[in-house]
Amino acid sequence: GSADEIQQASREVADWSFSPSRLLEQKELRALIEKTIDGLASEYKVVLVLREMEDLSYNEIAEVTGLTLEAVKTRLNRARNMVRQRVEPYLKA
289 GSADEIQQAS REVADWSFSP SRLLEQKELR ALIEKTIDGL ASEYKVVLVL
339 REMEDLSYNE IAEVTGLTLE AVKTRLNRAR NMVRQRVEPY LKA
């Protein structure tokens, strides 16, 4: 469910299919994920963006945010679950 997995899935789809409907689905999925992340409470959004977009380690995120390592892990886990809950129904459709 992480951004890395999504990028991987995007690459796999691109490798075997260039059909417009497939590409549109990928674009819509990416837009949905970005919209979902934007809608997260800031304490969740910050850790998720630092981890998935900025590629920071848990320790680096803890330093940047002033959170404990445990808090970083908890918030990341919750943020990913929130995104997953919002995106999964779309994937099953």
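Each residue of the sequence shown is one higher than the one before, counting from 289 in the numbering used here.
Glycine included, every Cβ here is placed at the ideal spot set by N, Cα and C.
Within the continuous alpha helix (DSSP H) that includes residue i, where are the two ends?
i	result
A319	P308 to G327
V334	S330 to L336
How is residue i classed by DSSP in three states: helix, strand or coil?
i	result
E342	coil
L364	helix
L355	coil
Assuming residue i and residue j are in contact, meaning their beta carbons sit under 8 Å apart, how far apart are those beta carbons, in whole angstroms?
i	j	result
L328	A367	6 Å
I349	L338	5 Å
Y378	L317	7 Å
Might you give, ordered along the chain, the residues of its own chain that have their beta carbon closer than 8 Å to the beta carbon of residue i, omitting 5 neighbours on each side?
i	result
Y243	Summary: the structure shown does not reach residue 243, with the chain confined to residues 289 through 381, and so no result is reported for it.
V371	G289, I321, T324, I325, L328 and L336
Which residues in the same chain have their Cβ closer than 6 Å to the Cβ of residue i, if we skip the five residues on either side of it in sequence?
i	result
E351	none
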